[in-house]
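Some notes on the structure that comes next.
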Amino acid sequence: MNINKSVYVLAEALFHQTVSLISENTLVVTKKIENFYWFLISQEFSSTIGQQYYSINSEILDWVKEALSQTNKIHQIDFTNDQKLLTDLALHISRDILPLKFNFFIENSYLHHIKTDYVVAYQYAVTFTECLKQGAEITLPENEIGYLALHFAAYIERHKQRDIDVAIIYGAHAVSAKLLAHRIEELFSNLNVKRIVHISNIKKVQDIDFIIASDRIVVETEIPFVLVNDLLTKNDVKKINLQINQLVLSNVLKNSVLVHGQFSNKTEVIKQLLVQLKQPEMLDNVMERERLSSTDVGTFTALPHPLIMKTDCPFSMGIAVLDKPIQWGEREVSLVILPLPNSNNHLEYERVFGILQKIIVNEDNLAQLKRLQVPTDFMKLIL
Numbered sequence: 001m002n003i004n005k006s007v008y009v010l011a012e013a014l015f016h017q018t019v020s021l022i023s024e025n026t027l028v029v030t031k032k033i034e035n036f037y038w039f040l041i042s043q044e045f046s047s048t049i050g051q052q053y054y055s056i057n058s059e060i061l062d063w064v065k066e067a068l069s070q071t072n073k074i075h076q077i078d079f080t081n082d083q084k085l086l087t088d089l090a091l092h093i094s095r096d097i098l099p100l101k102f103n104f105f106i107e108n109s110y111l112h113h114i115k116t117d118y119v120v121a122y123q124y125a126v127t128f129t130e131c132l133k134q135g136a137e138i139t140l141p142e143n144e145i146g147y148l149a150l151h152f153a154a155y156i157e158r159h160k161q162r163d164i165d166v167a168i169i170y171g172a173h174a175v176s177a178k179l180l181a182h183r184i185e186e187l188f189s190n191l192n193v194k195r196i197v198h199i200s201n202i203k204k205v206q207d208i209d210f211i212i213a214s215d216r217i218v219v220e221t222e223i224p225f226v227l228v229n230d231l232l233t234k235n236d237v238k239k240i241n242l243q244i245n246q247l248v249l250s251n252v253l254k255n256s257v258l259v260h261g262q263f264s265n266k267t268e269v270i271k272q273l274l275v276q277l278k279q280p281e282m283l284d285n286v287m288e289r290e291r292l293s294s295t296d297v298g299t300f301t302a303l304p305h306p307l308i309m310k311t312d313c314p315f316s317m318g319i320a321v322l323d324k325p326i327q328w329g330e331r332e333v334s335l336v337i338l339p340l341p342n343s344n345n346h347l348e349y350e351r352v353f354g355i356l357q358k359i360i361v362n363e364d365n366l367a368q369l370k371r372l373q374v375p376t377d378f379m380k381l382i383l
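Numbering (full-length UniProt numbering), first residue to last: 1 to 383.
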């Protein structure tokens, strides 16, 4: 493996200043200096310049390919088709394999933020890590999983799709509607303006998810719609976001349950929610995911979920509002959300988790929990 020569020299100098090696042979000294070098890198006391100091070991590349292939099967996403993801993961693991081998501690002060801000990416990283462990017999610590999650977050950004179709309805000037459509696609990466239609032709609008219409006109339709200013104000953006969230969560909440209660530990909460969801057989699956890495996120929420998702049931969620906070990993939580996704629809999976991320980072929602009585009340937390 190639070594950054300047950092190696630094490691040698520091090592000789701290330990007397006069009586030891050259091979032993060299090995200890190399170990010390990897310790510096693992602690980020030094950094390499670019990737040229690291080469991808062919065996490691094969490990990553196989782990990604297994991750594909679990999440129904073709990760292996993204060469950048494959290369970045292989480079990352090639760089850190020796520090991990010698059990050096790898610092990650951003772990909690990564788990909270990149919920889906972190789950992909956990799945990948478990697949890597099975194929290559490598166990990665939670801090390292956090770094791998950033590569999956970058993958998600590269593959974002405009998968929600909308129609723009206008009353007077088509040019205003075209400007509005441009602005909407600029602000909402998941919205696809499929049609721009005059109000007189609104009955011809079909095969869309919702309508965005000028607030200067009267809209009569059974299709969900949002009225906005032609110049699209901040309040309009909030209304569109709310409509997107309602669209995504409405079907999920129909199949969901919400309970209030006092629980003594995480297992008790998870077991109760799975019983309420009529999926008690998922307990071992969910607890296995929990053993890999604690699912406490945000400041008051836990987001336990299965390691392997089912394919024969609709997306549902179990929501538990706790009478008293319980310990969950390193934090106390007052809200537990247990999603049971359908592995055949990864877009729905990413959409729902994206909304949940917005809920759990808003500390104002903590005061609203007691007011939730039925699953549809959950929508109040995203207003």
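All residues carry an ideal CB built from backbone N, CA and C; glycine is no exception.
Helix, strand or coil for Pro314, going by three-state DSSP, please let me know. For this step, residue 314 is matched to residue 314 along the sequence shown. Note: Pro314 maps to coil in three-state DSSP.
Could you check how far apart the C-beta atoms of His92 and His159 are, in whole angstroms? I think they sit under 8 Å. The count along the sequence shown starts at 1 and reaches residue 92 at position 92. The count along the sequence shown starts at 1 and reaches residue 159 at position 159. Rounded, the Cβ-Cβ distance is 19 Å, inconsistent with contact.
Where Leu231 and Asp163 are concerned, what is the direct C-alpha to C-alpha distance, given to the nearest angstrom? Working through the sequence shown from its first residue, we reach residue 231 at position 231. Working through the sequence shown from its first residue, we reach residue 163 at position 163. Each residue's alpha carbon lies about 24 Å from the other.
DSSP three-state assignment for Asn235, whether helix, strand or coil: Start at 1 with the first residue of the sequence shown, and residue 235 comes out as number 235. In the structure shown, Asn235 sits in a helix (DSSP, three-state: H, G or I).
Using alpha carbons as the reference points, say which of Gly329, Ser334, Glu330 lies closest to Leu322. For the purposes of this step, residue 322 is taken as the residue at position 322 of the sequence shown. Leu322 has its Cα closest to that of Ser334, out of Gly329, Ser334, Glu330.
Contact belief for Asp215 with Asn229 at Cβ below 8 Å, rounded distance in angstroms: Residue 215 sits at position 215 when you count from the first residue of the sequence shown. Residue 229 sits at position 229 when you count from the first residue of the sequence shown. Contact holds; Cβ gap of about 6 Å.
Taking only three categories from DSSP, how would you classify Asn57? Taking the sequence shown and counting its residues from 1, one reaches residue 57 at position 57. Asn57: coil per DSSP, three-state reduction.
Cα separation between His198 and Pro304? Taking the sequence shown and counting its residues from 1, the one referred to as residue 198 is at position 198. Taking the sequence shown and counting its residues from 1, the one referred to as residue 304 is at position 304. So the alpha carbons of these two residues sit roughly 47 Å apart.
Can you find a C-beta in chain B that's less than 8 Å from the C-beta of Asp377? Within the model displayed, chain B is absent; a lone protein chain is all it includes.
Which residue wins for smallest C-alpha separation from Ser256, given the options Val269, Gln276, Glu268? Counting from one through the sequence shown, the residue named residue 256 turns up at place 256. Comparing Cα positions, the closest option is Gln276.
Using CA coordinates, which residue listed in Ile360, Tyr118, Lys234 is at the minimum distance from Leu148? To locate residue 148, count along the sequence shown from 1; it is residue 148. That would be Tyr118, whose Cα lies nearest to the Cα of Leu148.
Can you list the beta strand (DSSP E) stretches of 3 or more residues lying completely in the stretch 328 to 359, in chain order? 331 to 340
Tell me the residue span of the alpha helix (DSSP H) that contains Ile97. Your numbering for residue 97 matches position 97 in the sequence shown. Residues 83 to 101.
Starting from the N-terminal side, write out each stretch of the alpha helix (DSSP H) that is 4 residues or longer and does not extend beyond the stretch 217 to 280. 234 to 254, 266 to 276
6 Å CB neighbourhood of Glu66 in its chain, flanking five on each side removed: Counted from its first residue, the sequence shown places residue 66 at position 66. Closer than 6 Å at Cβ, skipping near neighbours: Gly135.
Under 8 Å between C-beta atoms of Val248 and Val352: Start at 1 with the first residue of the sequence shown, and residue 248 comes out as number 248. Start at 1 with the first residue of the sequence shown, and residue 352 comes out as number 352. For Val248 and Val352, yes; Cβs fall inside 8 Å.
To the nearest angstrom, how far is it from the Cα of Ala177 to the Cα of Ile77? Within the sequence shown, the letter at position 177 stands for residue 177. Within the sequence shown, the letter at position 77 stands for residue 77. So the alpha carbons of these two residues sit roughly 36 Å apart.
Tell me the DSSP secondary structure of Gln43 in three-state form. On the sequence shown, residue 43 is found 43 positions in, with the first residue counted as 1. Residue placement at Gln43 is poorly supported in this model, since its pLDDT is 49, which falls under 50; the coordinates are not used for a value here.
Rounded distance between the beta-carbons of Ser94 and Ile145, thought under 8 Å: Position 145 of the sequence shown, counted from the start, is the residue given in the question as residue 145. Position 94 of the sequence shown, counted from the start, is the residue given in the question as residue 94. Not really, about 17 Å apart at Cβ, beyond 8 Å.
Is the beta carbon of Ser294 less than 8 Å from the beta carbon of Gly318? Taking the sequence shown and counting its residues from 1, one reaches residue 294 at position 294. Taking the sequence shown and counting its residues from 1, one reaches residue 318 at position 318. The answer is no: Cβ separation not under 8 Å.
Taking the C-alpha atoms as reference points, what is the distance between residue 384 and Trp63? Residue numbering for the chain in the displayed model covers 1 to 383; residue 384 lies beyond these limits and cannot be assessed.
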